[in-house]
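Reviewing the structure listed below.
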Amino acid sequence: MADLPEPTPIPACFRDAVRRLLRGIRTPAPAGCGELDAMLQSAEEHGIEPLLYRALDVAAWPAPVVARWRHAALRAAALEPFRLRDLQELLAAFDAAGIDALVLKGSALAYSLYPEPQLRPRGDTDLLIRRDDRARVDALLRERGFRARTTSGDELAMRQCTYTHVDGAGAEHAYDVHWDIANTPVFADALRFEELRARAIPLPQIAPYARGLSTVDALLYACIHRVAHHHDSDRIIWLVDIALLRERMSDDERTRFWQLAAERELVAVCRRSLAAAAEWLGDDPTSNDDGAAAVLTPAQLARDEPSARYLDRDVRRGSLLAAELRALPDWRARATRLAHLAFPPRTFMREQFGARTPLPLLYAWRALRGVGRLFARAATRRA
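If you want it as structure tokens, here you go:
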């Protein structure tokens, strides 16, 4: 998974209006706010254009905003039937082959949390499978005309594979097939397939055989994803997911959520994620009451958790690599990880850097670039 640059911040003069629109409250454009281009760019990068347009008072907003957000909303609505049909056909093929797959993230939440699925934009569909089913899934997808994107082959660092195909109508579809919930070993075993499958819930809006994560698991996974893969990103659509999941929970589910977060040493990650979500969708954005203190002991709240390292937005890639190596089970796994990092397969090198340059030069260039990247921030700022 390529790191997404941090989204452009919502301009300060638009923030209150965006908060209200996200909650479905019709509100006029703020007077005297001239950062229109920045607002348009930011809304797109945060993935919230359809949500904002849903509550927009079109007579009270500038025409360029109305036109841009209307276009995004109509495009999302037009694409959704194609995306759904393709997912239904793929899940039916999995079901016929006896392959269990859980629908994750945006696609699952679009049909279980949001009033209309097109309000939850997403660039791909995420599926979680058993590790032992990887070869069967790969064969099934290739038989159906999917192409797998070339990876480095490092299974200790890349625990997913992206498959793409173009349907009969010319629409391109991408599926991220995961066999662990995160690429980094610091988070990869926080939630296992078998336990998630045992607690999974039906997604009848997608298909009779579609299943997704329980509300508790989905919230924990949403908190993990924005930190483990995106270094505490404040991308608003992910925060909307978190806020909606938390709103749906019963008191018993909230208790179980915090117990599970403490058991898996994810309390700091979850508290940060819930606080970020409350900033945009909470009744009181300044409130720090996330419910954790009512469930957990002071020792659990203060525990030094390895996962909390990912909350530092200025952390260097070298520091995270060291944390990932420590999380691997033994020195053999660590040596394998470093070997794959230094010498990925030829096919990967050719695809990444070009076919004409001699391979020794490509590996030397990768090594030099890699040393420099060790001192770079893990979170990528947008230029």
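Just so you know, the sequence shown maps onto residues 15 to 397 in this note's numbering.
Glycine residues also receive a C-beta, built at the ideal position from the N, C-alpha and C atoms.
| Asked | Found |
| --- | --- |
| Figure out for me which residue from 95, 74, 104, 66 has the closest Cα to the Cα of residue 86. | 66 |
| Starting from residue 186 and walking both ways along the beta strand (DSSP E), at which residues does that stretch end? | 186-192 |
| Name the two residues that bound the continuous alpha helix (DSSP H) containing residue 254. | 250-262 |
| Restricting to Cα atoms, I'd like to know which of 112, 185, 316 is closest to residue 281. | 316 |
| Report yes or no: do three or more beta-carbon pairs, one from the region 179-188 and one from the region 109-123, lie closer than 8 Å? | no |
| Assign residue 16 to one of three DSSP states: helix, strand, or coil. | Any reading at residue 16 must be qualified, since the residue scores a pLDDT of 47, below 50, and its modelled position is unreliable; the value itself is stated next. Here residue 16 sits in coil by DSSP. |
| Where does the unbroken alpha helix (DSSP H) through residue 100 begin, and where does it stop? | 77-111 |
| With the cut-off set at 9 Å, would you say residue 101 and residue 121 are in Cβ contact? | yes |
| What residue does the beta strand (DSSP E) around residue 179 start on, and which one ends it? | 174-180 |
| Helix, strand or coil: how does DSSP classify residue 359 here? | coil |
| Assuming residue 363 and residue 373 make a contact with CB atoms under 8 Å, what is their CB distance in whole Å? | 6 Å |
| Return the bridge partner residues of residue 118 from the DSSP annotation. | 140 |
| Can you tell me which of the three DSSP states residue 343 falls into? | coil |
| So if DSSP puts residue 161 in a beta bridge, which residue, or which two residues, is it bridged to? | 178 |
| Expressed to the nearest angstrom, what Euclidean distance is found between the alpha-carbon atoms of residue 293 and residue 34? | 12 Å |
| Identify, in the order they occur along the chain, each residue of the same chain with its Cβ nearer than 6 Å to the Cβ of residue 162, setting aside the five sequence neighbours on each side. | 175, 177 |
| Where do the N-terminal and C-terminal ends of the alpha helix (DSSP H) with residue 39 fall, by residue? | Taken as a continuous stretch (DSSP letters only), residue 39 belongs to no alpha helix (DSSP H), as it is neither H nor E. |
| Near residue 148, what residues of its chain come up, given a Cβ to Cβ distance below 7 Å and the 5 sequence neighbours on each side ignored? | 193 |
| Is it buried or exposed, residue 24, if we count other Cβ atoms within 10 angstroms and call 16 or more buried? | buried |
| Write down the C-beta distance between residue 233 and residue 260 rounded to the nearest angstrom, noting that I regard them as a contact closer than 8 Å. | 6 Å |
| State the start and end residues of the unbroken alpha helix (DSSP H) segment that holds residue 268. | 265-277 |
| Could you check the C-alpha separation between residue 310 and residue 276 for me, to the nearest Å? | 8 Å |
| Who does residue 225 pair with in a DSSP beta bridge? | 216 |
| With H, G and I counted as helix, E and B as strand and the rest as coil, what does DSSP make of residue 383? | helix |
| Short check: CB of residue 117 to CB of residue 141, under 9 Å? | yes |
| Buried or exposed: residue 396, going by 16 or more other Cβ atoms within 10 Å of its Cβ? | Legend: pLDDT at residue 396 = 47, less than 50; position of this residue unreliable, no value from coordinates given. |
| Measuring straight from C-alpha to C-alpha, what distance separates residue 143 and residue 290? | 30 Å |
| Here's the rule I'm using: 16 or more other beta-carbon atoms within 10 Å means buried, otherwise exposed. How should residue 64 be labelled? | buried |
| Can you give me the Cβ contacts of residue 78 inside the same chain, cut-off strictly under 8 Å, excluding the 5 residues immediately before and after it? | 50, 54 |
| In the DSSP assignment, the alpha helix (DSSP H) including residue 67 goes from what residue to what residue? | 63-68 |
| Looking at residue 43: is its Cβ nearer than 9 Å to the Cβ of residue 83? | no |
| Give me the residue from 378, 223, 71 with the minimum Cα distance to residue 41. | 71 |
| Kindly list the residues whose CB is nearer than 6 Å to the CB of residue 52, restricted to its own chain and excluding five residues on each side of it in sequence; keep chain order. | 25 |
| Throw me the rounded Cβ distance for the residue 91 and residue 135 pair, which I believe falls under 8 Å. | Not quite, the Cβ-Cβ distance comes to about 11 Å (not below 8 Å), so this is no contact. |
| Do the CB positions of residue 126 and residue 215 come within less than 9 Å of each other? | yes |
| Can you tell me whether residue 157 is buried or exposed? The criterion is at least 16 other CB atoms within 10 Å of its CB, across all chains shown. | exposed |
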